[in-house]
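Below is one structure, written out as structure tokens; the observations come after it.
Number of protein chains: 2
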Amino acid sequence: MSEGVVAPREPIKRDPGLFKTVSSNRMSEAIVEQIRSLIRSEQLRPGDRLPSERDLGEQMGVSRVTVREAMRVLEAGGLIEIRVGARGGAIVTTPNSNKLGSGLADLISLSPLTAAEVTEARQVFELGIIPLVIARADERDISDLREMVAQHQQALKKGEYNMQLSAAFHVRVAACTHNAAIEMLVHSFHGPLLMSLREAQVAAPLMGVRGTNEHRDFVEAVARRDVEEAEQIMRTHLDRTARRVGRAKAARDNA
Amino acid sequence: MSEGVVAPREPIKRDPGLFKTVSSNRMSEAIVEQIRSLIRSEQLRPGDRLPSERDLGEQMGVSRVTVREAMRVLEAGGLIEIRVGARGGAIVTTPNSNKLGSGLADLISLSPLTAAEVTEARQVFELGIIPLVIARADERDISDLREMVAQHQQALKKGEYNMQLSAAFHVRVAACTHNAAIEMLVHSFHGPLLMSLREAQVAAPLMGVRGTNEHRDFVEAVARRDVEEAEQIMRTHLDRTARRVGRAKAARDNA
DNA sequence: AGTGGACTGGTGGTCTAACCTTTAACAACC
DNA sequence: GGTTGTTAAAGGTTAGACCACCAGTCCACT
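Sequence lines, in order, name chains A and B.
Numbering-wise (our numbering), the first sequence opens with residue 1277 and increments by one.
Numbering-wise (our numbering), the second sequence opens with residue 1277 and increments by one.
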């Protein structure tokens, strides 16, 4: 009797992402979504200025505090920039990989990822793009790279070579793919990584000489469209970095 | 006369980062920094509950509104989770790749990247990790993958196969590298991609059959530790996806 | 004529003090 | 024993006020 009738079924568990879970019933969140979608649909473009908090609140029928919370979220997400004072207000930012990189850096430094893991991911990626680099690098790319290497070797002689320059080289190489996503990823790899490698750099000042030489050889391999050689050089180059990360970590662990 | 005397020099431009630009003066930002550093230094650990907004404001000598803005920023950054109701409050979250991935997805989807670019980056990365996958996949990984493939083929028969399942497979493959950074990256690739592919999926219902078969073959290649074969299969698999993205874009452009 | 300084209006930043909504826990009731 | 109401604690929202900041304007003094 008690069993047969309309068994009290479990709440539906399948299709967990079906009902757009959404809402959270937070007005500020709704505002965030609205503005975000306006930006996404390009009805709001980088450089545009949003109405003032007071106006926005009035137009949307919410209080200023609620609008402000939405602004905080959008600002934290790097979508808008907020300026105070006359002619201030919220301004839609041009999304750049810097923002993305710094956001990434924050999350990475707070996440349980180790520098070794990130380095390995970077190795995989930077090696993987080499065929694309070689297939797509044009004259401009190659002459840029050659010039960059020359400058770096100059800087090295003056003792001004540093990780930033090295990072710039790797980013420029990635740019040879003419794929903004790849460039951006490599760019962000070199953000948090720099932080965790700065200590390592001090302990390994020789990196500069070998590193820049490898950069030079790599560029020439690209110029010759020699995939094998380029990969070989880059693999060696990145492996050394990886080992350095490993050593830095070991040193820190012992300290 | 008027030229020679104490030329009105330009304001000093060198050392642009000398005066540390005085940060923000925003109290809420100071609170964010304080709590963030508490989390970073592990004085606050995942699962810990922060004091209530009212208490926090009292302890820090600021109003509740200000505390709330800080909470919004921390929440947006994925550092805390906020629950309403009794025993609610701000809880330090365990940083997981989901949070990071969704943040990434947001930035990617708002940046001027095309689906094709992201897809290509994904191809590079997912192909690049295959040697690692094969080197490190253990028994557990392989049996998990086999089981997953079986489930997906079941789902396919019932017409319940979808992009989410496919994405889950690729993420599980990445997890075989036992590198959290790699897993996270692949995970985040499959966020925005899903969005841009949903339309494509409707137009290409056959994907499921071929796709799951390729998944199956790939897993067996991994089980045999056959790098060449695995790479070959995955390359074909990803190429088809890439072409589908291209077609979807073309269709959209024509519409 | 040119410069410096005060003024003004609009903007974000913060505060106060209230009220509403949601939720877990507990107590009371059937 | 299970359901249901109550309560207290938490976040969510509102309204109104005040302050700090900043660009532009204008005026007085040099």
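Where a beta carbon is used, it is the ideal one built from N, C-alpha and C, also for glycine.
These numbers come from a predicted model, not from an experiment.
Residues that DSSP places opposite residue i in a beta bridge
{"i": "residue 1357/B", "result": "1367/B"}
{"i": "residue 1486/A", "result": "Bridge partners of residue 1486/A: none, in fact."}
{"i": "residue 1325/B", "result": "1367/B"}
Buried or exposed by the 16-neighbour rule on C-beta atoms within 10 Å, applied to residue i
{"i": "residue 1353/A", "result": "buried"}
{"i": "residue 1592/A", "result": "The question about residue 1592/A has no answer, for chain A in this structure spans 1277 to 1531."}
{"i": "residue 1513/A", "result": "buried"}
{"i": "residue 1415/A", "result": "exposed"}
{"i": "residue 1224/B", "result": "Any property of residue 1224/B remains undetermined from this structure, which presents chain B solely from 1277 to 1531."}
{"i": "residue 1487/A", "result": "buried"}
{"i": "residue 1297/A", "result": "Unreliable positioning characterises residue 1297/A in this predicted model, as indicated by a pLDDT of 39, which lies under 50. The coordinate reading is nonetheless provided below. Flag for residue 1297/A reads exposed."}
{"i": "residue 1399/B", "result": "buried"}
{"i": "residue 1417/B", "result": "buried"}
{"i": "residue 1425/B", "result": "buried"}
{"i": "residue 1360/A", "result": "exposed"}
{"i": "residue 1301/A", "result": "exposed"}
{"i": "residue 1412/B", "result": "exposed"}
{"i": "residue 1370/B", "result": "exposed"}
{"i": "residue 1436/B", "result": "exposed"}
{"i": "residue 1344/B", "result": "buried"}
{"i": "residue 1442/B", "result": "buried"}
{"i": "residue 1498/A", "result": "buried"}
{"i": "residue 1323/A", "result": "exposed"}
Residue-chain proximity (residue i, chain A), Cβ-Cβ < 7 Å
{"i": "residue 1353/B", "result": "yes"}
{"i": "residue 1356/B", "result": "no"}
{"i": "residue 1489/B", "result": "no"}
{"i": "residue 1314/B", "result": "no"}
{"i": "residue 1345/B", "result": "yes"}
{"i": "residue 1416/B", "result": "no"}
{"i": "residue 1455/B", "result": "yes"}
{"i": "residue 1349/B", "result": "yes"}
Cutoff 7 Å: residue i Cβ touching any chain B Cβ
{"i": "residue 1307/A", "result": "no"}
{"i": "residue 1331/A", "result": "no"}
{"i": "residue 1520/A", "result": "no"}
{"i": "residue 1465/A", "result": "no"}
{"i": "residue 1318/A", "result": "no"}
{"i": "residue 1503/A", "result": "no"}
{"i": "residue 1404/A", "result": "yes"}
{"i": "residue 1459/A", "result": "no"}
{"i": "residue 1394/A", "result": "yes"}
{"i": "residue 1397/A", "result": "yes"}
{"i": "residue 1494/A", "result": "no"}
Residue i beta carbon near the ligand NAD (any heavy atom closer than 6 Å)
{"i": "residue 1326/A", "result": "The ligand NAD is absent from the structure shown, which contains no ligands of any kind."}
Query raised in the report: When the Cβ atoms of the segment 1499-1515 of chain A are set against those of the segment 1402-1413 of chain A, are three or more pairs found closer than 8 Å?
Result: yes
Report task. Say whether the segment 1349-1369 of chain A touches the segment 1361-1371 of chain B, bearing in mind that this needs 3 or more beta-carbon pairs closer than 8 Å, one atom from each stretch. Result -> no
Query raised in the report: If you pair each beta-carbon of the segment 1302-1314 of chain A with each one of the segment 1305-1317 of chain B, do three or more pairs fall below 8 Å?
Result: no
**Report entry** At least 3 beta-carbon pairs within less than 8 Å: the segment 1484-1499 of chain B vs the segment 1390-1402 of chain B
**Finding:** no
Report task. For the segment 1432-1472 of chain B, list the alpha helix (DSSP H) runs that are entirely contained and at least 4 residues long, ordered along the chain. Result -> 1439-1451
**Report entry** the segment 1338-1353 of chain B / the segment 1340-1358 of chain A touching (three or more Cβ pairs under 8 Å)
**Finding:** yes
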